[in-house]
Each structure stands twice: as structure tokens, then as C-alpha cells.
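Participant: Just dropping this structure here.
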Amino acid sequence: MFDITPQLFALQLMTGIALGAVYALLAIGLSLIFGMLTVVNFAHGAFFMVGAFLGIYSIALTGSFWFSLLLVPLATGAIGLVCERFLVRPLYGRGLDYPLLLTFGLSYVMIDVMRFTFGIEGLPTSTPPDLRGAVFLGFGYFPLYRLFLIAATAVIVLGLWLFIEKTRYGLIIRAGSRDPEIVKVLGIDIARVWWLVFGIGTAIAGLSGLLAAPTRAVNPEMGIPILAESFVVTVVGGMGSLPGAVVAGLLVGVVFSMTSLLAPEYAELSIFVLMAVVLLIRPQGFFGKAGLMS
Amino acid sequence: MKNSIISLLLLARRHRVATVLLFLLVFPFLMPYDALSVNILIFGLYAVGFNLLFGYTGMLSFGHAAFLGVGGYLAGIAVVHGGWPWWAAIVTGVAASCLAGVVIGYLAIRTRGIYFSMVTLALAQIMYYVFYKAEDWTGGENGLRGVRVESIKLPGLSIDFINPLNKYYVILVFVALALWFVSRILNSPFGAVIEAIRENEKRAAACGYDVARAKLLVFVLSAGICGLAGALRALHLSIVPIDSLHYLQSGQAVMMCLLGGMGTFFGPFVGAAVFMYLEDVVTNLTRYWMGAVGMVFMVFVLFFPKGIWGTLVHQMERWLRRQGDRA
């Protein structure tokens, strides 16, 4: 057993934040969709997986990581728009369980479409050439790509925050999640807003798939465990809360990487135990409104 | 002629357990091979347990594989590591899954609606990792092998448990007991309480019922029935695959229940039969079985939310009512 030095500890903390950044992105997409449409997207992990596959494909095709960074969210967002329009929308007003069940069935189809297209083995991943190597952070060398992952998440979160808080369209989204009836009365086509929000949520899921691909194995089933993990983040942070998604995402990432350092056997378990503890103490999560869920 | 059909239907409705059993008695002779009918019987029971929670109480759990798996693993461990007889293995499996139901249920019922689905999914993942890591006991990734039960010994009787048709009827005895039990619950005042919770939880609480306790109790009962299905499956397959704790296995309960008709007595069996039969046919044609079943499922969610049996029952009830009005 090697000694756990402060340097190692700090590096592992950074690794946890990089992992947490991916969780935060996924949870933001889930929360955004839920906050507006009250739909739990069970296909969120599948959109993440499709984003990873399309990312590798598009990097191979265009040769540019940066161009793919633009292309992939547009593609997964477009898939999301089609799914909302033709599959989820007919179910509004029929209770909360039906959209959830539908997206669950959708995830099966998406997994098999990817198996059919790219094979069941999955694809090899590589770090984009511009982002290879490591940087010295004062306490040790840290992979540049993971640093980029954290920065990219920060930019996306900031952009989303500005969009929701500072633009006219964001105002409509905020109003719509408070009281869709009144927004409708004011002459705004709320179904269109819902449609776009579903698209934005799935675009972010696809983008996080692309970003996370170099740090994990890419195969058609990769979305399943990450769906469970992003549910943990959502429950811990509080459903429908964007700050909750970010804080809980980072916390879950750090808890995971710290347990993998100190007690690797329990790494997968740790985050679920964290969720159980939060459920016992504060069932609505860090930022959730009390009474919303219990 | 018409009158005798009506009275037959009414009789079947009144004695639902007997009717279902009568059908299940001849069922193996309608299927292409016996192993398939054993599978359908076991997964039908699994779906019945799930239906008690989802169909009758309105709690959509996405973690019921935990109970199928715990029931299977503990029954398997009792046989492999303990050398216990088959009946003790079944009792162990059911008891363990009830215990798992108490723990998971206690945490999960603190949340409602869709949160409940998310939390049960996440808590079931714990079970998956625990059994995956405890390799010495469970065989880890390879599953628990060697759950060998060659004959069922009763006083003065020994049944060959290798023959699939014998297996079917032995398992049917347990399924019959479970069905009677479920029917008894649904007919009891407690059964009325859980349906009241499904229709309007706040009103049920306002009527003075202890909603949290009723939810926990029905969760544990449902877990126990799924655990029984798991234990029987372990004896049937003589192996407990790690997949039985997987998220997709939880999803299978949801799919079978919805395909057959949630909240109907016989629906889960119809759902299990359609699901397993489709799987059998589709995997012979293509390896993309998941996509096919996903599409069928989406069509049902969109257009036939009552499921196959639910729609049939609905039409039958309407017809009966019309006949009643006319008479």
C-alpha cells in the first residue's frame, strides 16, 4: 500500500471534479427537461451514448474535434426535437408515468440502432491532439484534457445561466416552468417552448457524451450506468434545480474519486450510499423545494 | 347460448384464481417447447409481484430486479454453500427479498411519483454492485453456478426435477399459492386502501389511513413475490446470472406489466407470455431484439396503454354491461 500524499490527494480531487463536471452536465439536461415538461427523460443516458458515438464518428469524418463540438449537440438536439414532437407530445396530459415509460422504450431502440450502426463492441477513443499531455498545477501534473473538461463545463453552465436569466427567451422558460397556464394565457405557444427545451436538454446530453468519450469506454450500453448515476445527482441536488445539479454533480464526482483512492472496492457503491443518506436527512435534496416530492 | 357465455364470464370473474390456474394447467401444451413455458410461468410471477405495486398501488418502481436477484442469489447460496434442501432454499430466498424490500422500501417511499422511480432504480444498483463484488459467495461476473436440484423429495414421493414438464407443474404449485395470496390481498380492506392510494393519495391520507405504512407493506409483499420468482428461477436454471440484478431486468418487469395490462389480475401473465414468446421468435430472426421490443413497447405506451389483456377486459366489461342493461 502506497502512502497517500497531499499531492496525490489534490490530483484525485481534480479528477473527481472533472468526473463531476460530466455528471453536472447530464443532471442539468435532466433538470431542465423536468423543470419545464415534468418529464423524466429515461433516454438521457442513451442520448449521452449517441453523443459519444457521433462524436467519434464525426471526428473521424471531419478530422476536427472543435468542429465536432458544434456538430454533435446539433445532431443529438435534432434527434431530441423529433422524439419530442412525435413521441412525447402525444402523451402530455396523460399523467407523469407515460412520458417516462415512453422514453424508457426509446432508450432500448437507441441502444440497438447504435449496435446496428457501429457494432456491439464499441469504438476505441482517443484524446484530441490539441489537448494531449499534462499541465503542472503547482501540486503535480494533471491531464490537459480533464482540465479542458472542467473549463468546457463551466462555459456551458455559464452560457446556459446567461440564456435563462438574461434573455427574453429565458424569461419565457422561467415563467413556463412556474405556471404554464398563465404563460399560455399571455399568448405564448408553450408547446413550442417545451419542444425547444427538450431539444436543448438532449443537445447538452449529447455534448457531454462527446466530451466524456475520451475518459471512458464507448459502447452501446455506456448510457445505462450513467443514467443511474445522473439520477443520484438529481436526487441529491434537488429535482429541477440548476444550481443543485452543478453542486451535486461535482460532489458526486469527488465522492466517487475519493473513495476510489481510499477504498477502491466501494467506489461504485459510495455515490448510492450518499444518495441514501441524503434521502434520510433531506428527501427533497439540497436545493429542492420541500413538499415537492415528499 | 348468449346467456351461458355471460354466466361463464361472470363465473370466471368471480373465481379469478381458479380460472387462471385452469389456463396455466393446459398452458404447456400450447407452447412450442416446455422450457419456454417454464420461463413464462416464472416471469409471469415476477410481473404479478411487480403489478401489485405498479398496477394496483400506482408506484412505478424501476428497481424490482433487486428482489428477483436477491431471491435467486440467496436461494442459490443456500443450496450451493449451505447444502440446504430445495424448500429451505425457497424460504431463504423469499425471506431475504422481503428484507431487501423493507430496506429499499423504507428509503424509497420517502419520495413520490417519478422520484420514486429514480430512487428505486438507484437503490437497485447498490444490490447489483454488492452481489457483483461479493465474488466468493456469488461468483461475481460469471454468476452463481451449480444450484443443482435434481429431484423434489416429499414424504413418500420423489419428483424428477430435470424433466421440464415436471418442473413446470412443481413451480405452478408455488405460483398458485402466490396468486391466491395476491387475490386475497386485493379482496381485503387493505387491497381497497392501496387502490385508494393509487387513485388519490392525499384523500386516502385524509380518510385516516396510514399511507406510508400501507405503501411500505405493499412494497415488501411485492418484493417477496418477486423474490419467490427469483428463487424458483434459480432452481430452474441451476445458475443465478448476474444479469438478474441488472437495470434491464427491472425494465423487463415494467414492460411485461404494461404489455399485458397493469392493474389486471391476469395481465402480467399475458405480458410475460407475449414478451418471452416475442423474444424467442425475434432472436431467431435478428440479434437486434432490444430495438424490436422497445418499439413494440412504445406503440403500446402511445396507443394501447391498457395493454393486451386490459383492453380485452375493458371491452368484455362493456359488453357485459350492455347485456345487463338490455335484460
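Taken in sequence, the protein lines are chains S and C. Heads up, the first sequence is in this note's numbering, so the first residue is 7 and it goes up one at a time. Heads up, the second sequence is in this note's numbering, so the first residue is 13 and it goes up one at a time. Glycine is no exception: its CB is placed at the ideal position from the N, C-alpha and C atoms.
Would you decide whether C/Gln327 is buried or exposed? Buried here means 16 or more other CB atoms lie within 10 Å of its CB.
Facilitator: If you number the second sequence from 1, residue 327 of chain C lands on position 315. So C/Gln327 counts as exposed.
Participant: Runs of 3 residues minimum, wholly inside the segment 69 to 138 of chain C: which ones carry the beta strand (DSSP E) assignment?
Facilitator: As far as the segment 69 to 138 of chain C is concerned, it has no whole beta strand (DSSP E) run of at least 3 residues.
Participant: Can you say whether S/Glu274 is buried or exposed, counting buried as having 16 or more other CB atoms within 10 angstroms of its CB?
Facilitator: Looking up residue 274 of chain S in the first sequence gives position 268. With 16 or more Cβ atoms within 10 Å of its Cβ, S/Glu274 is classed as buried.
Participant: Straight-line CA distance for C/Gly70 to C/Val252?
Facilitator: For the purposes of this step, residue 70 of chain C is taken as residue 58 along the second sequence, with counting starting at 1. For the purposes of this step, residue 252 of chain C is taken as residue 240 along the second sequence, with counting starting at 1. Straight-line Cα distance between these residues: approximately 30 Å.
Participant: Tell me the DSSP secondary structure of C/Phe277 in three-state form.
Facilitator: For this step, residue 277 of chain C is matched to residue 265 along the second sequence. Of the three classes helix, strand and coil, the one that applies to C/Phe277 here is coil, per DSSP.
Participant: How long is the line joining the alpha carbons of C/Asp337 and C/Trp321, rounded to whole angstroms?
Facilitator: Taking the first residue of the second sequence as 1, we reach residue 337 of chain C at position 325. Taking the first residue of the second sequence as 1, we reach residue 321 of chain C at position 309. Computed Cα separation, rounded: 24 Å.
Participant: The beta strand (DSSP E) spanning C/Ala243 covers which residue range?
Facilitator: In the second sequence, the residue the question calls residue 243 of chain C occupies position 231. No beta strand (DSSP E) contains C/Ala243, which is instead part of the alpha helix (DSSP H) from Val223 to Leu249.
Participant: For C/Phe173, count neighbouring C-beta atoms within 10 Å of its own C-beta (all shown protein chains included) and say buried if the count is 16 or more, exposed if not.
Facilitator: By one-based count along the second sequence, residue 173 of chain C stands at place 161. Classification of C/Phe173: buried, given that the 10 Å Cβ count is 16 or more.
Participant: Exposed or buried, which one is S/Arg152 when buried takes at least 16 other CB atoms within 10 Å?
Facilitator: Indexing the first sequence from 1 puts residue 152 of chain S at position 146. S/Arg152 is buried by the Cβ-count criterion.
Participant: By the 9 Å beta-carbon criterion, what residues does the segment 115 to 143 of chain S contribute toward chain C?
Facilitator: So the close ones are Val115, Met116, Ile117, Asp118, Val119, Arg121, Phe122 and Ile126.
Participant: Counting only Cβ-Cβ distances shorter than 8 Å, please list the residues of the segment 270 to 284 of chain S near chain C, keeping chain order.
Facilitator: Within the segment 270 to 284 of chain S, the residues whose Cβ lies closer than 8 Å to some Cβ of chain C are Glu271, Glu274, Leu275, Phe278, Val279, Met281 and Ala282, listed in chain order.
Participant: Look up C/Leu169 in the DSSP assignment and give the residues it is bridged to.
Facilitator: Taking the second sequence and counting its residues from 1, the one referred to as residue 169 of chain C is at position 157. Paired residue(s): C/Leu166.
Participant: Compute the Euclidean distance between the alpha carbons of C/Leu297 and S/Leu112, then round it to the nearest angstrom.
Facilitator: In the second sequence, residue 297 of chain C corresponds to position 285, counting from 1. In the first sequence, residue 112 of chain S corresponds to position 106, counting from 1. Their backbone Cα atoms lie some 21 Å apart in a straight line.
Participant: Any idea what DSSP makes of S/Val224, helix, strand or coil?
Facilitator: Indexing the first sequence from 1 puts residue 224 of chain S at position 218. DSSP places S/Val224 in strand when its eight states are reduced to three.
Participant: Given a cut-off of 8 Å on the beta-carbon distance, is the pair C/Ile121 and C/Leu228 in contact?
Facilitator: Here residue 121 of chain C refers to the residue found at position 109 of the second sequence. Here residue 228 of chain C refers to the residue found at position 216 of the second sequence. Cβ atoms of C/Ile121 and C/Leu228: closer than 8 Å.
Participant: Buried or exposed: S/Met7, going by 16 or more other Cβ atoms within 10 Å of its Cβ?
Facilitator: Here the question's residue 7 of chain S lines up with position 1 in the first sequence. With a pLDDT of 49 at S/Met7, under the threshold of 50, the modelled position of that residue is not reliable, and no figure is offered here.
Participant: Excluding the 5 residues preceding and the 5 following S/Leu25 in the sequence, name in chain order all residues of the same chain whose CB lies nearer than 7 Å to its CB.
Facilitator: For this step, residue 25 of chain S is matched to residue 19 along the first sequence. If we look at S/Leu25 and ignore the five residues flanking it on each side, its Cβ neighbours are Gly259, Phe262 and Ser263.
Participant: Determine the direct distance from the alpha carbon of C/Phe128 to that of C/Thr323, and round the result to whole angstroms.
Facilitator: Position 311 of the second sequence holds residue 323 of chain C. Position 116 of the second sequence holds residue 128 of chain C. If you take the alpha carbons of C/Thr323 and C/Phe128, they lie about 27 Å apart.
Participant: Would C/Val340 pass as a contact of C/Leu53 if the rule is Cβ separation under 8 Å?
Facilitator: Within the shown structure, residues of chain C are numbered from 13 to 339, placing residue 340 of chain C beyond reach of any answer.
Participant: Please report the distance separating the alpha-carbon of C/Gly67 from that of C/Trp99.
Facilitator: For this step, residue 67 of chain C is matched to residue 55 along the second sequence. For this step, residue 99 of chain C is matched to residue 87 along the second sequence. Looking at the two C-alpha atoms, the distance is approximately 30 Å.
Participant: Decide if S/Thr11 is buried, meaning its Cβ has at least 16 other Cβ atoms within 10 Å, or exposed.
Facilitator: Against the first sequence, residue 11 of chain S aligns to sequence position 5. The residue is exposed, with fewer than 16 neighbouring Cβ atoms inside 10 Å.
Participant: Of the choices S/Ile156, S/Asp136 and S/Met116, whose alpha-carbon is the least far from that of S/Leu324?
Facilitator: Nothing can be reported for residue 324 of chain S: it is not among the residues displayed for chain S, which extend from 7 to 300.
Participant: Would S/Asp2 be called buried (16 or more neighbouring beta carbons within 10 Å of its own) or exposed?
Facilitator: Any answer about residue 2 of chain S is impossible in this case: the structure gives chain S only from 7 up to 300.
Participant: In whole angstroms, give me the CA-to-CA distance for C/Gly203 and C/Thr31.
Facilitator: By 1-based counting over the second sequence, the position of residue 203 of chain C is 191. By 1-based counting over the second sequence, the position of residue 31 of chain C is 19. Distance between the alpha carbons of C/Gly203 and C/Thr31 is about 20 Å.
Participant: Whose C-beta lies closer than 7 Å to the C-beta of S/Ile194 among residues of the same chain, with five residues either side of it excluded?
Facilitator: Taking the first residue of the first sequence as position 1, residue 194 of chain S is located at position 188. For S/Ile194, where only same-chain residues beyond five positions count, the Cβ hits under 7 Å are Ile178.
Participant: Roughly how many angstroms lie between the CA atoms of S/Met120 and C/Val311, to the nearest whole one?
Facilitator: For the purposes of this step, residue 120 of chain S is taken as residue 114 along the first sequence, with counting starting at 1. For the purposes of this step, residue 311 of chain C is taken as residue 299 along the second sequence, with counting starting at 1. If I take the Cα positions, the gap works out to 21 Å.
Participant: DSSP on C/Phe287, reduced to helix/strand/coil?
Facilitator: Here residue 287 of chain C corresponds to residue number 275 of the second sequence, with the count starting at 1. Three-state result, C/Phe287: helix.
Participant: Are S/Phe278 and S/Val238 touching if we call contact CB-CB under 8 Å?
Facilitator: The residue labelled residue 278 of chain S in the question sits at position 272 within the first sequence. The residue labelled residue 238 of chain S in the question sits at position 232 within the first sequence. Yes, the pair counts as a contact, with Cβ atoms nearer than the cut-off.
Participant: Can a CB atom of chain S be found closer than 8 Å to the CB of C/Ala112?
Facilitator: The sequence position of residue 112 of chain C within the second sequence is 100, counting from 1. So, not an interface residue.
Participant: Using the C-alpha atoms, what's the distance from S/Leu268 back to S/Leu43?
Facilitator: The count along the first sequence starts at 1 and reaches residue 43 of chain S at position 37. The count along the first sequence starts at 1 and reaches residue 268 of chain S at position 262. Near 41 Å, if we compare the C-alpha coordinates of S/Leu268 and S/Leu43.
Participant: Could you work out which residues of chain C lie near S/Thr240, taking near to mean beta carbons separated by less than 8 Å?
Facilitator: Position 234 of the first sequence holds residue 240 of chain S. Met130, listed in chain order.
Participant: Of the choices C/Arg299, C/Gly283 and C/Leu111, whose alpha-carbon is the least far from that of C/Ala59?
Facilitator: As a position in the second sequence, residue 59 of chain C is number 47, starting the count at 1. It is C/Gly283.
Participant: Can you find a CB in chain S that lies within less than 8 Å of the CB of C/Val137?
Facilitator: If you number the second sequence from 1, residue 137 of chain C lands on position 125. Inspection of the sequence shows that residue 137 of chain C is occupied by Gln rather than by Val. Interface residue, yes.
Participant: Between the segment 229 to 246 of chain S and the segment 136 to 147 of chain S, do at least 3 Cβ pairs fall closer than 8 Å?
Facilitator: In short, these stretches do not touch, since the Cβ pair count stays below three.
Participant: Between S/Ile230 and chain C, is the shortest Cβ-Cβ distance under 8 Å, so that the two count as touching?
Facilitator: Locating residue 230 of chain S in the first sequence gives position 224, where the first residue counts as 1. Closer than 8 Å to some Cβ of chain C, the Cβ of S/Ile230 qualifies, so yes.
Participant: Could you check which residue in C/Ser234, C/Tyr144 and C/Lys165 has the C-alpha nearest to that of C/Ala108?
Facilitator: Within the second sequence, the letter at position 96 stands for residue 108 of chain C. Considering only alpha carbons, the answer is C/Ser234.
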